[in-house]
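Taking it in order: structure first as structure tokens, then the write-up.
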Amino acid sequence: MLSRSSPRVVVVFSAVLMACSEAQSPMGVLETAEATSSGVRVQAPAFVNPKVMNTLTTDLGVLGSEMAAAGIGLDGETEGTIVLELPQQILVRSAYLYWGGRWDDADASMINVEFGGADFDVVGDYIGLSVLALGEADSYSYRVNLLNYPFLFGPGTNTVDVTVPADLGIDGATLVVTYDSDSQGSVELRDGNDFAYLPFDAPNDATDLQTFDVAPADVDRVGTMLMIVGDVVNARPSRIVIDGGAGPVSLVNELGEGGSGWNGSEWDTYFAPVTIPAGSDLVSVQLYSHDDGTGTEPASLYWVLGALAVKDPERRQGGEGCTPGYWKQDHHFDSWPAPYMPGTLFSAVFDDAFPGMTLADVASQGGGQLKALGRHTVAALLNGASSGVSYDLSDGDVIAAFNDAYPGTNGEYEALKNQFEAYNEQGCPLN
């Protein structure tokens, strides 16, 4: 939501917007270790006396080999519970809690966190400011590493209760945990505060382009992009553009109500897969306030965090696999490996053989030929991405095989289905 006359918070990411000196900023100077400024941006002239916007991004660097995240919407609420499942046999490297919002001249750095019987008022680092036009509430964002408090995160279910001040209307909070596991890889986090709204005109219709360096490999890989985004009301149009080196992929209207990362009104914790071809050494992502041609007002949005996890190529022993019947069950949804969620659109991962259908929809559908291939393709994808399944193929292998076969003949669909089916029925090691 754009216009706000009363205090309110939303989380934002990526480029940290800041045009304030220490004297101008209501909360002092940003902590800018390893930060770089990308220059000054000015709001559209249609707004009276627009303020200057400046963008700053903090790169937290590489933290662990894998990541997990969960969020909670707090719009109109003062408390909520974040539930995050972590796999076995890991070593937690960081546990960052993010929150933020839109309000004027207020300090929302302190919130209450309860975990494992411990209860603390935690103080977040002020990581970003987007200064908007006069009459519009500015946006701010905060981050705290909960490992600096006596909280012990680990394998299994981690339940965090968050209580926020009632007079600030914080919109949401997200817990991001990075960890080391048996899998080799890297996780890079970039955070801040970047606001976008289409009526502001370019360049303020989009967040700044964020780039992540990756070590090139001699095989294709699939990375996981995590984004924390605030201020998307209902299902107002937005667009995410990700490029892992194979060309930009546009994800339209994935944020807001109905999206796979929606945590509640005006808060999203969104995962997206990104294909990284052999030899590619750079991944980029950018958010847009979007006109989808329906007449719906484009979303106003903030970007608070962007994180990229990439696993190193590994030799697979194979010999295990879980069936579509396993993966489609609601009580097994907690076994789905990021970035793939039951609500992720099939077309966000593969060529669009099943328009409008999610991965869970495709895994659950009946029928033969292409539909049967779809069921076993989703199962193969999840098996290949799961650290708990020693599958014969990687998720990147599965994506490439399906996209090579589709569109094709029924005979080609049947042949690939039979291959995936044989792998999927080798025996499921998951509960």
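In our numbering, the protein residues as written are 4 to 434. The beta-carbon is built from N, C-alpha and C at its ideal position, and this holds for glycine as well. Since this is a predicted model, take the numbers as computed values, not measurements.
Discussion item. Using a 10 Å radius around the Cβ and a threshold of 16 neighbouring Cβ atoms, would you call Asn196 buried or exposed?
Written reply: Buried, by the Cβ-count rule.
Practice prompt. Could you pull the start and end residues of the alpha helix (DSSP H) that Arg378 belongs to?
Written response: Residue range Leu373 to Ala388 is occupied by the alpha helix (DSSP H) that includes Arg378.
Worksheet item: Secondary structure at Trp106, three-state DSSP: helix, strand or coil?
Response: Note: Trp106 maps to coil in three-state DSSP.
Worksheet item: Can you tell me whether Ala310 is buried or exposed, with buried defined as 16 or more other CB within 10 angstroms of its CB?
Response: By the 10 Å Cβ count, Ala310 comes out buried.
Worksheet item: Hey, Arg224 and Pro316: beta-carbon distance below 8 Å or not?
Response: Note that the C-beta distance between Arg224 and Pro316 is below 8 Å.
Fill in: Contact set for Pro276: own chain, Cβ-Cβ below 6 Å, skip 5 residues either direction
These residues qualify, in order along the chain: Val225, Pro342 and Val352.
Worksheet entry | Exposure of Leu94, with buried meaning 16 or more beta-carbon neighbours within 10 Å | Exposed, by the Cβ-count rule.
Practice prompt. Using alpha carbons as the reference points, say which of Asp164, Phe274, His335 and Asp183 lies closest to Thr84.
Written response: Thr84 has its Cα closest to that of Asp164, out of Asp164, Phe274, His335 and Asp183.
Item to complete: For the alpha helix (DSSP H) containing Gln429, list its first residue and its last residue.
Response: Run containing Gln429: none; DSSP gives neither H nor E here.
Discussion item. Excluding the 5 residues flanking Asp183 on each side, which residues of the same chain have their C-beta closer than 7 Å to its C-beta?
Written reply: Once the five neighbours on either side are set aside, the close Cβ partners of Asp183 are Gly67, Ser68, Ile93, Leu94 and Arg96.
Practice prompt. Over the uninterrupted alpha helix (DSSP H) stretch that includes Pro327, give me the two end residues.
Written response: Bounds of the alpha helix (DSSP H) holding Pro327 are Pro327 to Trp330.
Fill in: Cα-Cα separation between Val190 and Ala218, rounded to whole angstroms
For Val190 and Ala218, the distance between alpha carbons rounds to 12 Å.
Fill in: Rounded separation between Val55 and Ser133 - CA only
Legend: pLDDT at Val55 = 39, less than 50; position of this residue unreliable, value from coordinates given subsequently. Computed Cα separation, rounded: 9 Å.
Worksheet item: Considering Leu285, what are the terminal residues of the beta strand (DSSP E) in which it resides?
Response: Unbroken beta strand (DSSP E) run through Leu285: Leu285 to Ser292.
Item to complete: Tell me Ser241's beta-bridge partners as DSSP assigns them.
Response: Looking at the DSSP assignment, Ser241 forms a beta bridge with Ser292.
Worksheet item: By how many angstroms is the C-alpha of Leu348 removed from the C-alpha of Ala176?
Response: Straight-line Cα distance between these residues: approximately 24 Å.
Discussion item. Would the segment 325-336 count as touching the segment 235-242 if we require 3 or more Cβ pairs under 8 Å?
Written reply: Cβ pair count under 8 Å is below three, so no.
Worksheet item: Would you call the segment 106-122 and the segment 200-207 in contact, with 3 or more CB pairs under 8 Å?
Response: Between the segment 106-122 and the segment 200-207, the count of C-beta pairs closer than 8 Å stays below three; the two stretches do not touch.
Fill in: Unbroken beta strand (DSSP E) run spanning Leu308, endpoints
Note, Leu308: beta strand (DSSP E), Leu304 to Lys314.
Discussion item. Tell me the residue span of the alpha helix (DSSP H) that contains Leu362.
Written reply: Leu362 -> alpha helix (DSSP H) spans Leu362 to Ser367.
Worksheet item: Do you know how far the Cα of Phe357 is from the Cα of Asn434?
Response: Distance between Asn434 and Phe357, taken at the CA atoms: about 29 Å.
Worksheet entry | Between the CA atoms of Gly371 and Glu415 - distance to the nearest angstrom | When rounded, the distance between both Cα atoms is 13 Å.
Worksheet item: Secondary structure at Leu419, three-state DSSP: helix, strand or coil?
Response: Three-state result, Leu419: helix.
Worksheet entry | The beta strand (DSSP E) enclosing Val252, as first and last residue numbers | Unbroken beta strand (DSSP E) run through Val252: Val252 to Val255.
Fill in: Reference Leu511, options Ile231, Leu385 and Ser283, closest by Cα
In the structure as shown, the chain begins at 4 and stops at 434. Residue 511 is therefore absent and cannot be evaluated.
Discussion item. Looking at the strands, I want to know which residues DSSP matches up with Thr177.
Written reply: Looking at the DSSP assignment, Thr177 forms a beta bridge with Gly74 and Tyr101.
Worksheet item: How long is the line joining the alpha carbons of Asp128 and Tyr101, rounded to whole angstroms?
Response: Between Asp128 and Tyr101, the C-alpha separation is close to 10 Å.
Fill in: Coarse secondary structure for Ala275, derived from DSSP in three states
When secondary structure is reduced to three states using DSSP, Ala275 falls in the strand class.
Worksheet entry | Backbone secondary structure at Pro48 - three-state DSSP | Confidence at Pro48 is low in this model, with a pLDDT of 30, below 50, so its placement is unreliable and no value can be given for it.
Fill in: 7 Å Cβ shell around Pro345 - same chain, five flanking residues per side excluded
Same-chain partners within the cutoff: Phe336, Trp339, Thr361, Leu362 and Ala363.
Discussion item. Below 8 Å on the Cβ atoms is my contact criterion, and I expect Tyr152 with Gly103 to pass it. Report the Cβ-Cβ distance as a whole number of Å.
Written reply: The Cβ separation is near 20 Å, so there is no contact.
Worksheet item: Taking Cβ positions, are Val252 and Asp246 nearer each other than 8 Å?
Response: Closer than 8 Å, so yes.
Worksheet entry | Environment of Leu33 [buried if 16+ CB atoms lie within 10 Å] | Below a pLDDT of 50, predicted positions are generally treated as unreliable, and Leu33, at 32, falls in that range; no measurement from the model is reported.
Practice prompt. Could you pull out every residue in the same chain whose Cβ sits closer than 7 Å to the Cβ of Thr272, ignoring the five residues on either side in sequence?
Written response: Taken in chain order, the residues that qualify are Ala72, Ala73, Gly74, Thr177, Ile231, Gly264 and Asn266.
Worksheet item: Under a three-way DSSP split, which group does Ile93 fall into?
Response: In this structure, Ile93 counts as coil in the three-state DSSP scheme.
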